[in-house]
Structure formats: structure tokens, C-alpha cells
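Our numbering numbers the first residue of the sequence shown as 1 and each following residue consecutively.
Heads up, the beta-carbon is just placed ideally off N, CA and C, and yes, glycines get one too.
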Amino acid sequence: MNISFYTARTGLIAQQQGLNIYANNIANVNTVGFKPLRPSFADCIYTLQHHNREQWQTGHGQYLSKTDFMWSESPFVASDQPLDFALPGDGFFMTLDRNGETYLTRDGAFAVSFTGEVWELVNGFGDFVLDYEGNRITVPFELDGNGEVTTNIDYAALEVMIGVFSVPNNWGLEQSNNNRFIVTERSGAVVANYDADKVRGALEMSATDLAGDMVRIIETQRSYQLNAKVIQVSDEIMRTVNNLR
């Protein structure tokens, strides 16, 4: 059996997975509050190729062992939109989708939606933004001199209502679609952080390192090409051996 063929095959698979991760990071370079992933690779098993020489071992390629979030805080950009919020530190907003599932997110680009009875705070995907008690937020409006509700939102009161949450282990969160994170056993339970700061009228930009990921894309492509070349050479060697008379 030609071990080099299978070793290079594992390299192809691992490098393709790495390319997918870096490409996704670059694709989200303008996604508000996006946290990129970093792939980590490990070597596969080793086998003893010569029974009389214990030091003679042969490796069998690599595999993608895990992916880690890059939790560095990104720069804030002033948006001049009073419903935009950014979070200094490592806190999260909590949202509730239409199926009753809750998520964490760093995306603070919010809007107001009329749900048939009241105006509620939502994000760009229509998920409801939750307060510190895990309840949907009814948008407060200012009152005029007669005590009647006006069309002006009380932004100061709204800012106080928006909940900020944290988990013991950010690296244990699971990435979901729509720039959301899912709480897992590894991340630990969600805890309300009443002392967290919020910056109104600003958004946190993507944490993607565009230049760094472009370099890593090139490196991964080169590795992919080398593994493909090894497969080609291995195939040619096996063809030659099979054609021997």
C-alpha cells in the first residue's frame, strides 16, 4: 500500500477545511461584531515501519483538530444612529428568534418593530433583543407636556433596558448563523452583567485580520498544491509498479 497517497490525502482534506475557515473570515470583514475563527491542526497516528528499528516511524498526515474564536475587541465606529450599540469588553447582547431560541451576539445594530400591540426592539434579522431578565423590550417613548406619548423614543431609558450578558468561557460558545453564538455546556451558563458599559451611536467592527488571513490563504493554498502533487506522484509510482512485467 502506498502510504504517501493516503498521507497526502489527509493533508488535502485538512488544508481545504483551513481554506474554508479563512475564506469565511475574509467574507465577514465588514460584518458588525464578527469574531473570526482560527483553525488548529494536529498530526495523525504514527506506525512502526521497520520491526528491527524501533526509531523508524512513519507519520500519516494531519487533520483539523479544533477551531478557536479570536475574541480580540475590534475598533468602534461612530454610526450616528441612536439604536446602534457597541459593547466594550467581552459582553454579549441576548436575542430571541421567532422559534423561541435564544442566542448571544456582539452585533448591536438594532431597530424598532411593531408587533401588533407594542413597539419592540429587534436586530437586523428580526430577533427580539432581551433585557436583563430575559424579556422582550418594549420601546419607551417620551411624553409631552400633557403626559401623552409622543413619537420620540426615550433613548436614554432604552439604553438602560438593554441587557448585557457574559459566560464563564467564551471559547466554549458555538458559532451559529446570522452572527450569533449558542451557549453550550463548555461555555457555562449565561450571567447578566449589570455593570457592563454600552456605547450608544457606535458599532463594533469585524475582528477579521484581513492582511493576516490573506497571507494564511496563500500559505494554505501552497500546502494544498504540494499535497496534490504528492498524490499525483504516488499515483504515477503505483501505475508504474502495476505495469511492471
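Complete beta strand (DSSP E) runs within the stretch 84-154 (minimum length 3 residues, chain order)
You should have 93-96, 102-105, 110-114, 119-123, 141-143 and 149-153.
Could you check which residue in Thr95, Phe76, Ser79 and Tyr22 has the C-alpha nearest to that of Phe69?
Within the sequence shown, numbered from 1, the residue matching residue 69 stands at position 69. Minimum Cα distance to Phe69 is reached at Tyr22.
Roughly how far, in whole angstroms, is the beta-carbon of Leu64 from the beta-carbon of Pro39, given that I think they are within contact range, below 8 Å?
The residue given as residue 64 occupies position 64 in the sequence shown. The residue given as residue 39 occupies position 39 in the sequence shown. Confirmed, about 6 Å.
Can we say the stretch 218-235 touches the stretch 110-124, given the rule of at least three CB pairs closer than 8 Å?
No, because fewer than three Cβ pairs between the stretch 218-235 and the stretch 110-124 fall closer than 8 Å, the two stretches do not touch.
CB-CB under 6 Å to Gln15, same chain, minus the five flanking residues each way: which ones, in chain order?
Sequence index remark: in the sequence shown, residue 15 carries index 15 (1-based). Excluding sequence neighbours, Gln15 sits near Thr220, Ser223 and Tyr224.
How should Val112 be labelled, buried or exposed, when 16 other C-beta atoms within 10 angstroms of its C-beta is the threshold for buried?
On the sequence shown, residue 112 is found 112 positions in, with the first residue counted as 1. Burial call: exposed.
Suppose the cutoff is 8 Å on Cβ atoms and the five residues either side in sequence are ignored; what does the same chain contact list for Met238 look like?
Within the sequence shown, numbered from 1, the residue matching residue 238 stands at position 238. Once the five neighbours on either side are set aside, the close Cβ partners of Met238 are Asn2 and Phe5.
With C-beta atoms as the reference, is Thr208 less than 9 Å away from Pro75?
Within the sequence shown, the letter at position 208 stands for residue 208. Within the sequence shown, the letter at position 75 stands for residue 75. No; because the gap between Cβ atoms is not below 9 Å, this pair is not in contact.
Out of curiosity, what's the CA-to-CA distance linking Met167 and Met205?
As a first step, residue 167 is located in the sequence shown; it is residue number 167 there, counting from the start. As a first step, residue 205 is located in the sequence shown; it is residue number 205 there, counting from the start. Contrary to the premise, residue 167 reads as Val rather than Met in this sequence. A direct Cα-to-Cα measurement between Val167 and Met205 gives close to 21 Å.
Does Leu43 come out as helix, strand or coil in the three-state DSSP assignment?
In the sequence shown, the residue the question calls residue 43 occupies position 43. For the record, residue 43 in the displayed sequence is Asp; it is not Leu. Strand, per DSSP.
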